[in-house]
Amino acid sequence: MLMPKKNRVAIYEALFKDGVLVAKKDLCMDKHAETEVPNLHVVKAMMSLKSRGYVKEQFAWRHYYWYLTNEGIQYLRDFLHLPPEIVPSTLKRQARPETARPRARDMQSRPQGAGDRDAYRRGAPGSDKKADSGAGATTAQDIQFRGGFGGGFGRGKPAASDE
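Residue numbers for the sequence shown, in the numbering used here: 1 to 163.
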């Protein structure tokens, strides 16, 4: 599709900056939410990149989601004349502060009821928890049939007559 080069450059810059791009499937929409170009230009430019294998496309709930591939990153670097040090924000590592991680508590600071929990996990004295559960734990004498819905016969069988 023919479109002004400034629109194509604006679309490619927005895509390269974030590494992803989202557009609503509304080709008549005047402006795209992130860029100041018509939504039709965004969809068609991304369709072109998709056909060349530079982006991956997802579609859900009337929205297109495009993700840059490694080949797409290299193509946009060449197109936008960017140095190799600049990468999309999806490839940047997030710095995590050490203070944000929760620290493990000491074993002595546990509440007093913790002993009860441990005793429950071990089971009652003299019992074998593994033998009491699983396949084969119940015998045929333990199973009872108390009748179910419909008195114990299927739907297709006629009711027994009292004659």
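Just so you know, even glycine gets a beta-carbon here, dropped at the ideal spot from N, CA and C. Just so you know, these numbers come straight off a predicted model, no measurement behind them.
Please work out which residues of its chain come closer than 6 Å, Cβ to Cβ, to THR90, disregarding the five sequence neighbours upstream and downstream, and give them in chain order.
Around THR90: GLY19.
By Cβ distance, which residues of its chain are closer than 8 Å to PRO38, with the 5 residues on each side in sequence left out?
ASN7, MET29, ASP30, LYS31 and HIS32, listed in sequence order.
Going by DSSP, what residue range makes up the alpha helix (DSSP H) through GLU57?
Segment 55-60 is the beta strand (DSSP E) holding GLU57; no alpha helix (DSSP H) there.
The alpha helix (DSSP H) spanning VAL9 covers which residue range?
It spans 5-18 - the alpha helix (DSSP H) in which VAL9 sits, taken as one unbroken run.
Could you check what DSSP says for ALA33 in three-state terms: helix, strand or coil?
ALA33 falls in the coil class under three-state DSSP.
Whole angstroms are fine: how far does the CA of ILE73 sit from the CA of LEU119?
It should be pointed out that residue 119 corresponds to Ala in this sequence rather than to Leu. Cα to Cα, the separation comes out at about 58 Å.
Which residue wins for smallest C-alpha separation from MET3, given the options LEU80, SER48, GLU57 and LEU21?
When only C-alpha atoms are compared, the closest one is SER48.
Should TRP61 be labelled buried (16 or more other beta-carbon atoms within 10 Å of its own) or exposed?
Counting Cβ neighbours within 10 Å, TRP61 comes out exposed, since fewer than 16 surround it.
In the DSSP assignment, the alpha helix (DSSP H) including HIS81 goes from what residue to what residue?
That residue, HIS81, is in no alpha helix (DSSP H); it is neither H nor E in DSSP.
Determine the closest residue to THR35 out of LYS50, GLY53, PHE16 and TYR75, with distance taken between C-alpha atoms.
Measuring from the Cα of THR35, the nearest candidate turns out to be PHE16.
Can you tell me the Cα-Cα spacing of TYR64 and VAL22, whole angstroms?
Near 6 Å, if we compare the C-alpha coordinates of VAL22 and TYR64.
How many angstroms separate the CA atom of GLN94 from the CA atom of ARG121?
Their Cα atoms are separated by approximately 40 Å.
Using only the alpha-carbon positions, how far apart do VAL43 and ARG96 sit?
Going from the Cα of VAL43 to the Cα of ARG96 covers about 35 Å.
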